[in-house]
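In what follows, a structure is listed as structure tokens, so that the remarks can point back to it.
Protein chains: 2
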Amino acid sequence: MSNAYNRPDQLSPELRRRVLDTARRLGYPGPDPVARSLRTRKAGAVGLLLTENLSYAFRDPAAIGFLEGLALACEDAGTGLLLVPANPEREDVASVHRAGVDGFVVYSVPDDDPHLAAVLERPVPTVVCDQPDLGTVDRVGIDDRGAMYELAKHLIGLGHRRIGVVCMRLARDRNDGFVTPDRQHAAHFHVQRNRLSGLAEAFSEAGVDWSQVPVAERFDHNTASGASGAAQVLDRDPQITALICTSDVLALGAMTEAGRRGLRVPHDITVTGFDGIRAGEEAGLTTVRQPVLEKGRAAGKLLLDANERTRPRSVNLATELIIGKTSAPPRGGAEERWFGP
Amino acid sequence: MSNAYNRPDQLSPELRRRVLDTARRLGYPGPDPVARSLRTRKAGAVGLLLTENLSYAFRDPAAIGFLEGLALACEDAGTGLLLVPANPEREDVASVHRAGVDGFVVYSVPDDDPHLAAVLERPVPTVVCDQPDLGTVDRVGIDDRGAMYELAKHLIGLGHRRIGVVCMRLARDRNDGFVTPDRQHAAHFHVQRNRLSGLAEAFSEAGVDWSQVPVAERFDHNTASGASGAAQVLDRDPQITALICTSDVLALGAMTEAGRRGLRVPHDITVTGFDGIRAGEEAGLTTVRQPVLEKGRAAGKLLLDANERTRPRSVNLATELIIGKTSAPPRGGAEERWFGP
DNA sequence: TGAAAGGACCGTAACGGTTCAGAACCAATA
DNA sequence: TATTGGTTCTGAACCGTTACGGTCCTTTCA
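Protein chains in written order, with the working numbering: chain A, 33 to 373; chain B, 33 to 373.
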């Protein structure tokens, strides 16, 4: 029976035809995929854990790029891609247990997420993405810290010393306000923590007291958040010469807010982002471009590559500093050098 | 054993603790989801068939919106969403057979797609989206024909009689060129067929010989295709006063091409789209807005609603004609009225 | 002609859970 | 003490498939 469907060489064409005929006549709908999976111990799918509110994943251009890359890798391998529902509100880990998959990809969830813990307990290969290196599972990511350090160096070189920052959420709880040094240090989102620490390092080296730099956090990730974060920072210190955002989406919002206040970018204020999304490119945003699609594809490849003996592996993809039209020396330029060391 | 995990009320706390303890000690990783699915006959996931090259799905704003809506419905119900790999090149239907799901959503695939046929043979509920009503399975969609008819009426009212059209692909084979009436009539993409037929009806009623209207087809769906399609139409008949595109993405490309030729929109030429995507809105595009997110959500709801006795159901969502800044009376306006009936 | 080899076909045992019937146990009541 | 009722626990059947090994039949070659 099974052979008739999957192994035509194991039986004569005549018998095969007869089997298939009567199967049809009896209304047999073909082999059941679940039973097959149980027997062969292959689900033919990989799970993707996003944890975020799903709408986030489909609204954030970087997340979409990642998803596309991952989907491409899966398509190449002929495996399905299962989006595991992981509502961050109810801590319902059951969905992770219920997922019939051959492996997991975990994308940008907080360190302390119970869903992540549940995934790590499952006896299947896992690739974490934009997460700290756990040492036990594969990882793919970029050097967020180094890339942001480089961007900061660029701004320092231009002469900026008095800056403000808008960042994405640092933990699972909502905090739409300024970030304390403690919170910054203990941030559960690896990516945000490292970007901020890259900034802190560069500006500290340049003699800036990082603890005095206003850092506004926003829970939701959209341009409106970027705008309101920028507003909060500018209200606190209207003298800042540069507004550094930890994502392009936030930066685009920040630019809107700058415009609303009559500040011209980059003449009156410098604005920078992170990611290298299309809309940012069109706006000429100074940013760090990261290969989001490649990141997804690499995660998929890593997971689907059967070569077990080399695990765990860690892949760092290259980023590129894009100097656009939104960064320039501070207004007044050289006169303000005395802010420096 | 099973009870210890899932039915704590069926046994004493003491035994439960002992069972779980020894399970942990023996390295038992928790109940196997596949075996559970086999026994309970619930996979806890719905399959999504896209057929398109997957990158298409993640680049097309309308498709992303649909995906988001569907994902939201799934999240609400706590079910997973399985992206079924369906490479249009190799007719590999196995992936459909291998998918362990409780139902399928089929989104915008050609009528004659073998993957669609394979889905319909599976004994699970199915919802087709942007497809002809098959009568046997649930359907959700919009009135493409009527919406486009209405848009055409708007243009006819403005005085346009000499027009050109750029549309998305009509069948599985690549045809980056003009569309013959035959091909138009036999189009395998329900959505495109109906939009074109809505146009044909309206303009025929206005006395235009539809068979003479240049209709350029493009296989790939992006702004570059919109631009090249517009170029082809404008080369064929530089006198057209309106360029009707069957999607916003194509329309945005067409506007770029118009600009490249020194044609101002809408003064020199009217351009219209279809979908109501964000970028189109920002450009002030005249278009038909369709609720893509709602469409995805409706598809999910339909599929996950256990109420079997009312199947098959058919849902038509409302569309809205958006009159933007890209449509105006033809240059010369009233003088050209003699084109009319 | 007989033995060996090979191909076609068939029966059965897992895979790892869930479910359900019934056994075992305990306490309360006639 | 026997009966009843209730709870806790145990064992077996089943979900539908694939893998494996065995039987049977045909062919080939000594």
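Positions of the beta carbon are idealized from the N, C-alpha and C atoms, including for glycine.
query                                                                                                                                 : result
Test: B:R204 CB closer than 8 angstroms to a CB of chain A                                                                            : no
Nearest-angstrom Cβ-Cβ length linking A:T319 and A:G312, presumed shorter than 8 angstroms                                            : 6 angstroms
Boundaries (first-last residue) of the alpha helix (DSSP H) holding B:N119                                                            : Unbroken run through B:N119: none, as it is neither H nor E.
Residue ranges of each alpha helix (DSSP H) within the segment 85-166 of chain A, 4 or longer                                         : 86-91, 93-109, 126-130, 146-153
Through-space distance from A:R48 to A:S34, alpha-carbon basis                                                                        : 10 angstroms
B:R341 versus B:V169, B:A330, B:V128, B:R56, residue with shortest Cα-Cα distance                                                     : B:V169
CB contact flag (B:K357, B:G328, <8 angstroms)                                                                                        : no
Partners in chain A for B:F90, counting only beta-carbon separations shorter than 8 angstroms                                         : I96, G97, L99, E100, A103
7 angstroms Cβ shell around B:S243 - same chain, five flanking residues per side excluded                                             : P213
C-beta atoms of A:C106 and A:L115 nearer than 8 angstroms                                                                             : no
Interfacial residues, the segment 152-168 of chain A to chain B, with Cβ spacing under 8 angstroms                                    : E153, R154, P155
Reduced DSSP secondary structure (H/G/I, E/B, other) of A:V66                                                                         : helix
Identity of the residue in B:H299, B:A350, B:T111, B:A274 nearest B:H192 by Cα                                                        : B:A274
Where the segment 104-122 of chain A meets chain B: residues whose CB sits under 9 angstroms from a CB there                          : L104, C106, E107, D108, A109, G110, T111, G112, L113, L114, L115, V116, P117, A118, N119
Chain-ordered neighbours of B:P61 on chain A, where CB pairs are closer than 8 angstroms                                              : E153, R154, P155
B:V197 versus B:A126, B:G285, B:A203, residue with shortest Cα-Cα distance                                                            : B:G285
Chain B within 8 angstroms of A:H24, Cβ atoms only                                                                                    : Absent from the model: residue 24 of chain A. The displayed extent of chain A is 33 to 373, so no value can be given.
Exposure of A:K74, with buried meaning 16 or more beta-carbon neighbours within 10 Å                                                  : exposed
is_contact[A:E368, chain B] using C-beta, thresh 8 angstroms                                                                          : Note that A:E368 scores 43 on pLDDT, short of 50, meaning its location in the model is unreliable and no value can be drawn from it.
DSSP three-state assignment for B:R292, whether helix, strand or coil                                                                 : helix
7 angstroms CB neighbourhood of A:D300 in its chain, flanking five on each side removed                                               : R363
Whole-angstrom distance between B:G258 and B:A77, CA atom to CA atom                                                                  : 37 angstroms
Stretch-stretch touch, CB-based, cutoff 8 angstroms, three pairs: the segment 225-236 of chain A with the segment 59-70 of chain A    : no
Interface residues of chain B facing A:V66 [CB-CB closer than 7 angstroms]                                                            : V66, S69, L70, A75, G132
Contact set between the segment 292-314 of chain A and chain B, restricted to residues whose Cβ is under 8 angstroms from the partner : none
Exposure of B:D307, with buried meaning 16 or more beta-carbon neighbours within 10 Å                                                 : buried
Exposure of A:R39, with buried meaning 16 or more beta-carbon neighbours within 10 Å                                                  : exposed
Neighbour flag for B:S87 against chain A, beta carbons, 8 angstroms                                                                   : yes
Closer than 8 angstroms at the beta carbon, the chain A residues around B:H129                                                        : G62, P63, P65
Backbone CA spacing between A:D16 and A:V347 [nearest angstrom]                                                                       : The first residue shown for chain A is 33 and the last is 373, placing residue 16 of chain A beyond what the model contains.
Under 8 angstroms between C-beta atoms of B:P117 and A:T158                                                                           : no
Given B:S260 as reference, the closest of B:L202, B:A360, B:R57, B:G291 once Cα atoms are compared                                    : B:G291
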